[in-house]
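Below: the structure, in structure tokens.
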Amino acid sequence: MISLAGIDKYFFAGTPNAIKALDNINLTIKQGDFITLIGSNGAGKSTLLKAIAGVNNVDAGTIEIEGKDVSGLAEHVRARDIGRIDQDPMASTSAELSIEENLAMAYIRGQKRGLQKAVSSRRTTIFQEALKVIGLGLENRLKVPVGTLSGGQRQALALVMATIARPKLLLLDEHTAALDPNAAKLVMKITEQIVSSSKLTTIMITHNMEQAIKYGNRLIMMHRGRIIIDFDANEKKDLTVAELVNKFTSISGTVFDDDRVLLA
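Position in the sequence shown counted from 1, then plus 11, gives you this note's numbering.
Structure below.
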């Protein structure tokens, strides 16, 4: 279980331009939850994921993973328990390295140092089996430089890299936003397959309301650094985009006017 209690995050604190990006966030995430996270630009979605991952330190509150307070731990320490993918297909993989080398770096990140040599003799088989699951034939191209892959293939590889070390939490920050529609559809299919088969606890930011409703067992909407909507599977199963927008307006007292989200 992941628990966030009283999380505050400021940018430009102590200046006239101070912004409270996260405002008293309280959130309990159960093992196996697949949360879709939506909200207008500047709502605090990416800031929340970065706070959990340790990219940004929080100014107040605690973050616990399976009962352990990780609030003060560095990003690279938390990375042993957290897999993460951003929007840019180039950001999560190293273009000049081969598929196998990229996977090796991701795999070792989740291992204790003393195990690295022991697992290296069987890791090629592990990589091939993991790649077979996504159905793109990459298991037969381990020596190919990642820079030769398409954006969709790279994000699919990034998903395997983010999950191969069996993290406790997967964070996806609009990981299909930079892809063309067909590639985005493919990557989402692979995402759902990996998350559901491993029952992996996941938070996925999306700018697509239909996607937010379709995927996952829980939908969270943020506004001005706060969580204003938290729907469970029953509440979201028959939800429409229009109903979600109306609910946002009713709770926030403002009209949802982010065209990027509404027109996605």
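The beta-carbon is built from N, C-alpha and C at its ideal position, and this holds for glycine as well.
Residue range 30–40 is occupied by the beta strand (DSSP E) that includes Asn35. Here the region 91–104 lies against the region 175–194, with 3 or more beta-carbon pairs under 8 Å apart.
With a threshold of 16 other beta carbon atoms within 10 Å, Glu254 falls short and is exposed. Contact annotation: Gly163 and Leu197 have beta-carbon atoms nearer than 8 Å. According to DSSP, residue pairing for Thr213 in a beta bridge involves Phe45, Leu181. The three-state reading of DSSP puts Leu230 in strand, counting E and B together.
The three-state reading of DSSP puts Leu15 in strand, counting E and B together. Ranking Ile74, Gly43, Met12 by CA distance to the CA of Asn35 puts Ile74 first. Looking only at Leu190, Ile205, Asn193, Ser105, the smallest Cα-Cα distance to Glu140 is reached by Ile205. With respect to Ala71, Gly17 sits close: the two C-beta atoms are nearer than 8 Å. In the DSSP assignment, Ile76 falls within the beta strand (DSSP E) that extends over 71–76. The region 102–113 and the region 40–54 do not touch, with fewer than 3 CB-CB distances between them shorter than 8 Å.
Excluding its 5 nearest sequence neighbours in each direction, Met101 has no C-beta neighbour in its own chain below 6 Å.
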